[in-house]
Amino acid sequence: MRTASAAPITRTRHWVKLGRNVTQNPVLSHLAHLRPALLLSLSLGLGAAGAQANQAPAAPVPSLSLSATPAPQTLETPVLGSPLLGTPSLASPSLASPALASPASAAAAPAPNTPDSTQLRGLWIDGFGPGLKTAAQVRQTVDDAERMGINVLVVQTIRRADCFCLGSSLPAVTDKDLQPGFDPLAEVIRLAKPKGMKVIAWASVTGIGNLSNLNTNPNHVYKTHGPQSKDPWLAVRSDGSWQEGNDAWLDPAIPEAAKYISDGLLSVVKNYDVDGIQLDRIRYPDSGDWGYSPRVLHRYRLETGRSGTPSGSDEYFKAWKRDQVTGLVRRISVQAKAIRPELWVSAATIVYGSPPAPGDIKAFQSTASYRNVMQDWPRWMNEGLLDINMPMNYKRETSAQQAQWYDGWNRFARSVQGRGLSASGSSIYLNTPQDSAAQAQRALGAGVGWVGYSYRTPTLAVYEEKQTAEAGREAVRQALAKTSLGKAVRFDGPPPNTRGLMGTVAGQERLGGLKVELLQGDKVVATSVTDGGGFYGFMDVPAGETRIRVSGQAWKTAVPQRGIAQVPNLVIRKLSPVSAPAPSTAPAPGTPGAPNLAPPTPQELQRGGETPG
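Residue numbering for the sequence shown follows the UniProt record's numbering, starting at 1 and increasing by one per position.
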């Protein structure tokens, strides 16, 4: 699953508007929300990613040539009951830089009493071994975490499009070691909340199957929309292959796939008293060029006006795919906040290799995070789509280089967190207890929180089967007790982002990639882009009377002081024609300015259960 943060920045909100030509360039749209703090390096000539998002074509498109068989019955999302379960009885390419307008007035001050990043002391609880399978294991897990001084439990909930719970729209996990009829998530909530611990439901968003251990439910999405189905939703390479190792991934650019997994996670938010959600595997896979499903290519051509099949190095195609990932983050985040504004939304983000300098967005755009797996997590923080960034900062303390990388990613994440929080995801399974404690102490010193991966493998010795998990956890507890983490603190207070607006456009075949402007008075306060289903959303925007403008048409609405305003469907009468942008030019490998695309190290890929998120 996982791999980020740095110097303190102001918490005052400033808004930035870009020139009108920005969204005409499909490699520039993501700049539309960047605050001045993030734009210092961009104003020096940085190119950025553009505004082509997504839509499933109305006309038939070819299906994948993946040995089709009759499709099993599709999964229908049930209507679930309203009581929350588990509630305790106790209460870029080098293109022309956009022109930056003067910032609008700061309107979204931090929520009062929002906790500081350094108050977050978390632990990932995975479901690949003991810890969540029985009532006795859950009780032991919660008790152990309390003794370790943990105040946030990040609990594996949606593993591979299935749930360690009984109350979601997704099939339950099928596991011979799972106690029959047992709801792990509900039990964690019931036991952890009275102890003052927050419970975050961790979800693998696009990873849906491991061929060595597939879910046996006939309605699981791997069976209904996998390689043998008539309507595959899988991410596909340019050569037609779809496996990454033993894993299968959904393509976030397929609108039905994005909606399916989003609805599954939202059903958890509706039915369980979780304090937050975490988006894991919210990206494209490692190992090759992805996004070559015929349906995805059809959408790309429809929305950009480009013809032919893009190469894996095509910068416009990369930017478009980044928009698809960001669109899925936006869909989940805003809809989850519409259900419960007080929900903490987080993501486990990728930080392979060497870090950028604090605040250096241009350098970040040369990392594998941005260019290979299509994560633009500084943008997610800036738009208010995430309340907490938990970079999977899996580095061995015994390597001087990796120890420097660990500190550097913490500084960078801290420098771009905006109003949100950051917590360094640390690989306790790759380090001794003393080294893990040293990393935790330095994380807090950098102004970020700390989250250990994982409860099941708390030390390198446990991971190498040279120590029992119980002994490893006690050793980590003792080591942490000698640092500032030894002092018990609570992680209380509201998340920084609690208001916004969302809606859907309709009436056209091309619904994705449409620029949506949010105006207050005569000023464009923020812009967004529709996803493939026509969904758009804004977080962390000023309250008050508002107009939404799409394709020259405008509708009146208002942003509340708290909560998410839902705009009725906007029927678009006419769209401007799409013109193909000029080809982009990216630096050739080995030349100045070329991206740092070194592959992730083995420890960054290895998680003692499956590969990183």
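Every residue, glycine too, gets a C-beta built ideally from N, C-alpha and C.
None of these values were measured; they are calculated from a predicted model.
- With a cutoff of 7 Å on beta-carbon distance, Thr498 and Arg562 are scored as near each other.
- In the three-state reduction of the DSSP assignment, Ile125 falls in the strand class, which pools E and B.
- In terms of Cα proximity to Lys321, the closest of Ser369, Thr457, Ala403, Gln402 is Ser369.
- With fewer than 16 other Cβ atoms from the protein chains shown falling within 10 Å of its own Cβ, Lys523 counts as exposed.
- With a minimum length of 4 residues, the unbroken runs of alpha helix (DSSP H) contained wholly in the region 307-341 fall at 315-339.
- Annotation: the continuous beta strand (DSSP E) that includes Ile277 extends over 276-280.
- Pairing Ala248 with Leu328 gives a Cβ-Cβ distance that is not under 7 Å.
- Relative to the Cα of Lys487, the nearest Cα in the group Gly472, Asn217, Gln441, Leu191 belongs to Gln441.
- In the DSSP annotation of this structure, the continuous segment of the alpha helix (DSSP H) that includes Glu256 starts and ends at 255-271.
- Secondary structure note for Ser293: it is in no alpha helix (DSSP H), with a DSSP letter that is neither H nor E.
- Under the three-state reduction of DSSP output, Ser422 falls in the strand class.
- Using a Cβ distance threshold of 7 Å, Leu178 and Lys133 count as a contacting pair.
- The continuous beta strand (DSSP E) containing Asn210 extends over residues 207-210.
- Thr118 and Gly513 have their C-alpha atoms roughly 38 Å apart.
- Arg299 is not bridged by DSSP to any residue.
- The beta carbon of Pro378 sits closer than 7 Å to those of Leu38, Ile361, Phe364, Val416, all from its chain and outside the five residues before and after it, given in chain order.
- For the set Ala348, Trp202, Ser399, the Cα lying nearest the Cα of Asn393 is the one of Ala348.
- In this chain, Ser415 is not harboured by any beta strand (DSSP E); it is covered by the alpha helix (DSSP H) spanning 400-415.
- Sequence-distant partners of Ala338 (beyond 5 residues in either direction) whose C-beta falls short of 6 Å from its own C-beta, in its chain, are Ile564.
- Using a Cβ distance threshold of 7 Å, Arg477 and Pro458 do not count as a contacting pair.
- Within the region 345-408, the complete beta strand (DSSP E) segments of 3 residues or longer fall at 388-393, listed in chain order.
- In this model, Leu279 and Ala357 are separated by some 25 Å (Cα to Cα).
- It is roughly 9 Å from the alpha-carbon of Gly425 to the alpha-carbon of Gly449.
- Here Pro310 is buried: its Cβ has 16 or more other Cβ atoms, across all protein chains shown, within 10 Å.
- Per DSSP, reduced to three states, the secondary structure at Gln566 is strand.
- Straight-line spacing of the CA atoms in Asp275 and Arg306 works out to 43 Å.
- In the structure shown, Glu509 falls within a coil segment according to DSSP collapsed to helix, strand and coil.
- Per DSSP, Tyr463 is one residue of the alpha helix (DSSP H) stretching across 460-463.
- With fewer than 16 other CB atoms across the displayed protein chains lying within 10 angstroms of its CB, Ala135 is exposed.
- Burial state of Gln404 is exposed, judged by a 10 Å Cβ sphere holding fewer than 16 other Cβ atoms.
- For Tyr453, the secondary structure class from DSSP, reduced to helix, strand or coil, is coil.
- In the three-state scheme derived from DSSP, where H, G and I count as helix and E and B as strand, Leu250 is classed as strand.
- Nearest in C-alpha terms to Leu343, of all of Trp555, Gly291, Leu266, Gln566, is Leu266.
- Between the region 284-304 and the region 169-188, the count of C-beta pairs closer than 8 Å stays below three; the two stretches do not touch.
- Ala446 and Gln375 have their C-alpha atoms spaced approximately 23 Å apart.
- Counting every other CB atom within 10 Å of its CB across the protein chains shown gives Lys230 a total below 16, marking it as exposed.
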